[in-house]
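Protein chains in written order, with the numbering used here: chain B, 1075 to 1299; chain C, 3 to 166. Structure first, commentary second.
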């Protein structure tokens, strides 16, 4: 029986993209995505530690958080939110282009996503430098009170949380940009098609997580009221 | 002659074809428009004075946006149900993490009072000198002096009352 199966297997065309330890393409794609989802689970838990720190700070020092957050630029935060949501949209369309073997569209949407990500980092750069000019550094480096900003309570805690949360998120954006550049290079080599687009899909999953984290960061840090 | 491939007891017809769902562009457009509308809503809600409910409303809107991104952009709606289970399980663990930690930390107040854990700070705050940034609260005067010199803190300015 096994000899029969082996003999007939040699005449069966396996897709070159299905690894031998998988029976079907669907099983392989599902397993790859499961691996990515497990990684995203660890990312969610990592950010949840910082979110908890924020919630505890807000619980114990509500007036300080309310006063300190007024120094954050809500317009820039709003622009960044729209930019990231747009980048999520273009990334979803990039994955879809790979699913239908449309490589030029895939490359176009990857570039659009990269442009949105770069815009996000540029806006973030202006936000951070504006804070630093006023002496609003995180934690023990905070010195805005020496620049004339008298915020009641312990604002260095709020700014510590702000810079770490948005900073870690910014690092994730940069890493995502690097991964997207690599996927773009691979797409230029015509590696992706409807038979092989898992790498693009996993990049998309990562990028959507980056957007998800910002969706929660924005109202909590910028719109406290 | 193809070797038969079975999945869940049934023969798979085309084992090399990817059975994954390809969403139409229209669905992505609709989700994108919905996300933009909800972002505007988040922004608008922050300008209404809802008091304590504003955090809850903002979080509910954020959760709706997150659900849209997860279900449609991340394809959870059309994927293997196990991936949904992994995601929901993560949220469950985050909820356990938040719940137990916040419960613990909110019960610290009573324990602190009973055991006089922060007695010195409590007395200082009662005497009208709560913790402020820039005021160095170290009890050792030499350490206090050194750190004030290092950070160029001017003691005269800090003892001035804050403007409202």
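Don't be surprised by glycine CBs; every beta carbon is placed ideally from N, CA and C.
Item, Value
"Residue 1179(B): contacting residues in chain C (beta-carbon distance under 8 angstroms)", "Chain C residues near residue 1179(B): none, gap ~10 angstroms exceeds 8 angstroms."
"Presumed contact (8 angstroms Cβ cut-off) between residue 1127(B) and residue 1278(B), rounded CB distance", "Actually they are not in contact, since the Cβ atoms of residue 1127(B) and residue 1278(B) sit about 29 angstroms apart, beyond 8 angstroms."
"Nearest candidate by alpha-carbon position, reference residue 1193(B), set 1153(B), 1175(B), 1255(B), 1220(B)", "1153(B)"
"Residue 1205(B), DSSP secondary structure in three states", "helix"
"CB contact flag (residue 41(C), residue 1155(B), <8 angstroms)", "yes"
"Where the alpha helix (DSSP H) through residue 99(C) begins and ends", "83-108"
"Residue 81(C): contacting residues in chain B (beta-carbon distance under 8 angstroms)", "1104, 1107"
"6 angstroms CB neighbourhood of residue 1244(B) in its chain, flanking five on each side removed", "1198"
"The stretch 1262-1276 of chain B / the stretch 1114-1123 of chain B touching (three or more Cβ pairs under 8 angstroms)", "no"
"Contained alpha helix (DSSP H) runs [length at least 4] in the stretch 42-84 of chain C, N- to C-terminal order", "55-70"
"Residue 1246(B) versus 1114(B), 1259(B), 1105(B), residue with shortest Cα-Cα distance", "1114(B)"
"Residues that residue 1270(B) bridges to, as DSSP identifies them", "1267(B)"
"Selection of the stretch 1213-1224 of chain B by Cβ proximity to chain C, strictly under 9 angstroms", "1216, 1217, 1218, 1219, 1220, 1224"
"CB contact check: residue 120(C) to chain B, cutoff 8 angstroms", "no"
"For residue 13(C), the residue or residues it bridges with in DSSP", "8(C)"
"Contact check, residue 1163(B) vs residue 30(C), beta carbons under 8 angstroms", "yes"
"Residue interval of the alpha helix (DSSP H) (run including residue 1225(B))", "Element bounds for residue 1225(B): n/a, residue is neither H nor E."
"Spatial distance of residue 96(C) from residue 1286(B) (CA atoms)", "15 angstroms"
"Three-way DSSP call (helix, strand, coil) for residue 1214(B) in this model", "helix"
"Proximity test, Cβ basis, 8 angstroms: residue 107(C) and chain B", "yes"
"Beta-carbon contacts of residue 1160(B) that lie in its chain and below 6 angstroms, excluding the five residues immediately before and after", "1190"
"Euclidean distance between Cα positions of residue 1085(B) and residue 1256(B)", "With a pLDDT of 39 at residue 1085(B), under the threshold of 50, the modelled position of this residue cannot be trusted, and the question is left open."
"Residue 12(C): contacting residues in chain B (beta-carbon distance under 9 angstroms)", "Result: empty, since nearest Cβ-Cβ is about 12 angstroms, beyond 9 angstroms."
"8 angstroms CB neighbourhood of residue 1099(B) in its chain, flanking five on each side removed", "1089, 1091, 1092, 1269"
"Stretch-stretch touch, CB-based, cutoff 8 angstroms, three pairs: the stretch 53-69 of chain C with the stretch 112-124 of chain C", "no"
"Residues, ordered as in the chain, of the stretch 30-42 of chain C that lie near chain B by beta-carbon distance below 7 angstroms", "30, 34, 37, 38, 41"
"Per-residue contacts from residue 22(C) into chain E (C-beta, under 8 angstroms)", "Of the protein chains in this structure, namely B and C, none is chain E."
"For residue 1156(B), three-class secondary structure by DSSP", "helix"
"Option nearest residue 1276(B) by Cα separation, candidates 1094(B), 1106(B), 1097(B)", "1106(B)"
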